[in-house]
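Letter 107 of the sequence shown, counting from 1, is numbered 98 in the numbering used here, and no numbers are missing. Positions of the beta carbon are idealized from the N, C-alpha and C atoms, including for glycine. Take a look at the structure below.
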Amino acid sequence: MARPIKVLFVCVANSCRSQMAEVVAKRLDREGNFYFESAGAMPAGIVDSGVREYAQSKGWDISGQRSKSLDEILPLAEFDAVVALCAEACVSLPALPKSTTVLQWPFADPTGSVGVCRQAAYENLHRELEEKITALMQMLKQG
């Protein structure tokens, strides 16, 4: 079996956007060709309650998810792609090898949304992440 393609999703707190990206990506990787991880420059220590509620509404088990710092994961040089989900995360990344694909996907943070707007914000984040991650997976598989 070939080595999995390693992708890291980064946001500041690793509480919402990067957590959602990791969960969505793992669900999209039905063939097991990828290794997905998420981390934050200044981790919040918890997964956002909105992400937990949204995942539960979709029937996703995210009980194993936790907020992590960049220092807690594989050496960054081992990742084939690093995706910054906010501008702040991008500036916090250390130097990466030229072979690492670095992408910036600045998504709005849905954590401040309330009521009906809250569910819509997480739905939109999920949909947009799914589209971008699907395209990223195709690009990385093609080399």
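Reference F27; option with closest CA among A72, I53 and S6: A72
Residue closest to T102, alpha-carbon to alpha-carbon, out of A(-7), L19 and Y45: Y45
Span separating the alpha-carbon of S137 from that of L127: In the structure displayed, the chain extends from -8 to 134; residue 137 sits before or after that span and is not available.
- prompt: What residue does the beta strand (DSSP E) around V(-2) start on, and which one ends it?
  reply: I(-4) to C2
task: Any chance you could list the alpha helix (DSSP H) runs of at least 4 consecutive residues sitting entirely within the stretch 41 to 92, in chain order?
output: 78 to 83
task: Can you give me the start and stop residues for the beta strand (DSSP E) that A30 sits inside?
output: Taken as a continuous stretch (DSSP letters only), the beta strand (DSSP E) holding A30 covers F25 to G31.
field: Beta-carbon separation (whole angstroms), Q10 vs S40, contact threshold 8 Å
entry: Not confirmed; about 11 Å, so no contact.
- prompt: Can you name the start and end residues of the alpha helix (DSSP H) that G103 belongs to?
  reply: For G103, no alpha helix (DSSP H) run applies, since DSSP gives it neither H nor E.
message: So the candidates are V93, P34 and D52; which of them puts its Cα closest to the Cα of L67?
response: Cα-wise, what sits closest to L67 is V93.
message: Measuring CB atoms only, is the stretch -4 to 9 touching the stretch 73 to 88, in the sense that at least three cross pairs come out at less than 8 Å?
response: Contact holds between the stretch -4 to 9 and the stretch 73 to 88, because three or more Cβ pairs, one in each stretch, are under 8 Å apart.
message: Let me check understanding here. Comparing Cα to Cα, which of R8, V82, R21 and E114 lies closest to Q129?
response: The candidate whose alpha carbon is nearest that of Q129 is R21.
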